[in-house]
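Here's the structure, in structure tokens; my notes come after.
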Amino acid sequence: MPSQPHYDLLSLGEVLLRLDPGEGRVRTSRQFTAWEGGGEYNVARGARRCFGLRTGILTAFADNEIGRLTEDLILQGGVDTSLIKWVPYDGMGKRVRNPINFTERGFGVRGAKGSVDRGWSAASQMKVGDYDFDHLFGTLGCRWLHTGGIFAGLSESTAELTVQACEAAKRHGVTVSYDLNYRPSLWQERGAFAGAQALNRRLAPYVDVMIGVLSDDPPVSSSTPTDPNDIFAAEDAKLRPMIQKLLTEFPNLKTVAATLRRVHTASVNDWGALCYHDGSFYRSRNYPRFDILDRIGAGDSFVAGLVHGLLVEKCPQKAVDLGAAHGALAMTTPGDTSMATLPEVQKLAEGGDAKVQR
Numbered sequence: 001m002p003s004q005p006h007y008d009l010l011s012l013g014e015v016l017l018r019l020d021p022g023e024g025r026v027r028t029s030r031q032f033t034a035w036e037g038g039g040e041y042n043v044a045r046g047a048r049r050c051f052g053l054r055t056g057i058l059t060a061f062a063d064n065e066i067g068r069l070t071e072d073l074i075l076q077g078g079v080d081t082s083l084i085k086w087v088p089y090d091g092m093g094k095r096v097r098n099p100i101n102f103t104e105r106g107f108g109v110r111g112a113k114g115s116v117d118r119g120w121s122a123a124s125q126m127k128v129g130d131y132d133f134d135h136l137f138g139t140l141g142c143r144w145l146h147t148g149g150i151f152a153g154l155s156e157s158t159a160e161l162t163v164q165a166c167e168a169a170k171r172h173g174v175t176v177s178y179d180l181n182y183r184p185s186l187w188q189e190r191g192a193f194a195g196a197q198a199l200n201r202r203l204a205p206y207v208d209v210m211i212g213v214l215s216d217d218p219p220v221s222s223s224t225p226t227d228p229n230d231i232f233a234a235e236d237a238k239l240r241p242m243i244q245k246l247l248t249e250f251p252n253l254k255t256v257a258a259t260l261r262r263v264h265t266a267s268v269n270d271w272g273a274l275c276y277h278d279g280s281f282y283r284s285r286n287y288p289r290f291d292i293l294d295r296i297g298a299g300d301s302f303v304a305g306l307v308h309g310l311l312v313e314k315c316p317q318k319a320v321d322l323g324a325a326h327g328a329l330a331m332t333t334p335g336d337t338s339m340a341t342l343p344e345v346q347k348l349a350e351g352g353d354a355k356v357q358r
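Following this line, the structure appears as structure tokens:
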């Protein structure tokens, strides 16, 4: 790797145009706000916009007005777009399209709900050979590669491209983070949870930082206990042995991190995070009965803060604290990505409150 890498972080993933009906429902709305979003991209965006890291996105768009709109939104977030692959559009979307994500935020007893139109997206057709990773990692230089189970789950070709990227990053000494992010809709025709798990196990040897826990069964939310402190303690106690088991199978993992969330209603959650790093566990502060405006992308904002804490601060406790605070603040604003500033994140991570600032 060059002594002065061109990128702090590159994300490999699909970026969607999100159409948000605000306080209404998708099925009855007559107007939508446009945002950009995508599991892997959100990390690059948060790392750049809040934490000031030099980031870029590895993705593909059909070259039409929707693709150019999404590019413009990415540019507003400061993420480098020079590595986007542009695919000629056929005028109908029969061969290639840009993905659209209709997502309503939910409120109270009505949960958030998404309706994703991503078939034949340009990103889902990305394949091995689309990028010269030896050039990206060895010549230009990059300190961190982030990708995850959403992009890897789009198609067989994106799964193979993810493996190629992680292998190359490992070869060049680039830190690799991988967010498991299991989505049943992506795997219903490709082996369901077992299919996703098989791919994750194939990728795990190349990963340094695992987000989520590679378990033998799909995650199941518990119904007890009810006291917030007991809930956090129970989730913590459940995760630690799972992480230890994961480390026994994959000793190459340096860091394993997971958010702790208990959903009371769509607009009130318990929130926190747990992180294992180099032999020790670290916990963020607890955010019991936390008020939410839009929960989409909170986990990605957590990862952005975690990356900053490990890469820049070089402190796992700061990493989990900043990650949890950034994720919490991301849930107080609309859209998939954070609107928080670094001072706001630092203040909240250190126990700050929501008093008016004048």
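Mapping of the sequence shown onto the UniProt record's numbering: position 64 corresponds to residue 64, and the numbering continues sequentially without gaps. Ideal placement from N, C-alpha and C gives every residue a C-beta, glycine not left out. Every value quoted in this text rests on a predicted model; they were computed, and no experiment measured them.
Going along the chain, which residues of its own chain have a beta-carbon closer than 6 Å to the beta-carbon of L310, five neighbours each way excluded?
Excluding the 5 residues flanking it on each side, L310 has same chain C-beta neighbours closer than 6 Å at A319, in chain order.
Classify A152: buried if its beta carbon has 16 or more other beta carbons within 10 angstroms, exposed otherwise.
Counting Cβ neighbours within 10 Å, A152 comes out buried, since at least 16 surround it.
Helix, strand or coil: how does DSSP classify A60 here?
In the structure shown, A60 sits in a strand (DSSP, three-state: E or B).
Counting only the same chain and skipping the five closest in sequence on each side, list residues whose C-beta sits under 6 Å from that of L73.
E36, listed in sequence order.
Where Q197 falls, given that 16 or more other Cβ within 10 Å makes a residue buried:
Result: buried.
Where does L180 fall in DSSP's three states?
Coil, per DSSP.
In terms of alpha-carbon separation, which member of G335, P334 and D321 lies closest to E344?
E344 has its Cα closest to that of D321, out of G335, P334 and D321.
According to DSSP, residues forming a beta bridge with residue 367:
What is shown of the chain runs 1 to 358, which leaves residue 367 out entirely.
M92 burial status per 10 Å Cβ neighbour count (16 or more: buried)
So M92 counts as exposed.
Distance check for V263 and V220, CA to CA, integer angstroms please.
Residue placement at V220 is poorly supported in this model, since its pLDDT is 42, which falls under 50; the coordinates still yield a value, given next. The straight-line gap from Cα to Cα measures roughly 12 Å.
Could you give the DSSP three-state label for D72: helix, strand or coil?
If DSSP states are grouped into helix, strand and coil, D72 belongs with the helices.
Identify every residue that forms a DSSP beta bridge with A258.
In the DSSP output, where bridge partners are listed per residue, A258 has L274.
On the three-state DSSP scale, how would you describe R110?
If DSSP states are grouped into helix, strand and coil, R110 belongs with the strands.
Environment of T103 [buried if 16+ CB atoms lie within 10 Å]:
When all chains shown are included, T103 counts as buried.
Short check: CB of R105 to CB of L293, under 8 Å?
With respect to the 8 Å criterion, R105 and L293 are classified as neighbours on the basis of their beta carbons.
Is it buried or exposed, R97, if we count other Cβ atoms within 10 angstroms and call 16 or more buried?
Buried, by the Cβ-count rule.
Could you tell me whether the Cβ atoms of Y290 and G327 are closer together than 8 Å?
Checking the displayed sequence, the identity of residue 290 turns out to be Phe instead of Tyr. Contact: no.
Would A123 and L154 qualify as a contact pair, given that the criterion is a beta-carbon distance under 8 Å?
Their beta carbons are under 8 Å apart, which means A123 touches L154 by this criterion.
State the DSSP-derived secondary structure class of C142, mapped to helix, strand or coil.
Three-state DSSP puts C142 in a strand.
Between Q188, R201 and A194, which has its C-alpha nearest V163's C-alpha?
Comparing Cα positions, the closest option is R201.
I think V209 touches T158, with their Cβ atoms under 8 Å apart; what is that distance to the nearest whole Å?
About 20 Å separates the beta carbons of V209 and T158, which is beyond the 8 Å limit, so they are not a contact pair.
Rounded C-alpha distance that separates G335 from D20
Linking G335 to D20 through their CA atoms gives a straight-line distance of about 8 Å.
Under 8 Å between C-beta atoms of C275 and A304
Not closer than 8 Å, so no.
Can the beta-carbon of G13 be found less than 8 Å from the beta-carbon of I150?
Yes, they are a contact pair.
Let me make sure I understand the geometry here. Which of P251, D270 and L253 has the alpha-carbon closest to that of L260?
Nearest to L260 by C-alpha distance, out of P251, D270 and L253, is D270.
For V320, the first and last residue of its enclosing alpha helix (DSSP H)
Counting along the chain, the alpha helix (DSSP H) containing V320 begins and ends at P316 to A330.
DSSP three-state assignment for H264, whether helix, strand or coil
In the three-state reduction of the DSSP assignment, H264 falls in the strand class, which pools E and B.
Report buried or exposed for D230, applying the criterion of at least 16 other Cβ atoms within 10 angstroms of its Cβ.
The residue is exposed, with fewer than 16 neighbouring Cβ atoms inside 10 Å.
How would you write the range of the beta strand (DSSP E) that K85 sits in, first residue to last?
Element bounds for K85: K85 to P88.
Using only CA atoms, which one of Y282, D80, N181 and V87 lies nearest to A237?
Closest by alpha carbon: Y282.
DSSP three-state call for R49: helix, strand or coil?
Helix, per DSSP.
Check: V312 C-beta below 7 Å from any heavy atom of the ligand SAM:
No copy of the ligand SAM appears in this structure; indeed no ligand is present at all.
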